[in-house]
Amino acid sequence: MKQYSNFNEIDMDLKRLNLERQIAPEEMKGIKGEFQESLRPAQWIQSGLKFASKFGLMLLVKKLIR
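According to this note's numbering, the residues represented by the sequence shown are -8 to 57, in order.
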């Protein structure tokens, strides 16, 4: 437990905690937006294409080596 030596320290901690409390919902809104963006079908298609290209490149290299 933190011990305070004067009221100014208490006031500063209370202000800091109040600001942190106000910031938390805004951060959650940002995370929600990012999550919704990642669930869109366009994102899935893009991820699938990245995977397919990496897999295809791997197969191509494997055939060239043999």
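Even glycine gets a Cβ: it sits at the ideal position worked out from N, Cα and C.
Nearest-angstrom Cβ-Cβ length linking residue i and residue j, presumed shorter than 8 Å
{"i": "ALA28", "j": "GLN34", "result": "Reading off the sequence, residue 28 comes out as Glu, not Ala. With 8 Å as the limit, GLU28 and GLN34 qualify as a contact, their Cβ atoms being about 7 Å apart."}
Extent of the continuous alpha helix (DSSP H) run through residue i
{"i": "LYS(-7)", "result": "Unbroken run through LYS(-7): none, as it is neither H nor E."}
{"i": "GLN48", "result": "In the sequence under discussion, the amino acid at residue 48 is Leu, which differs from the Gln named in the question. Run containing LEU48: 32 to 56, per the alpha helix (DSSP H) assignment."}
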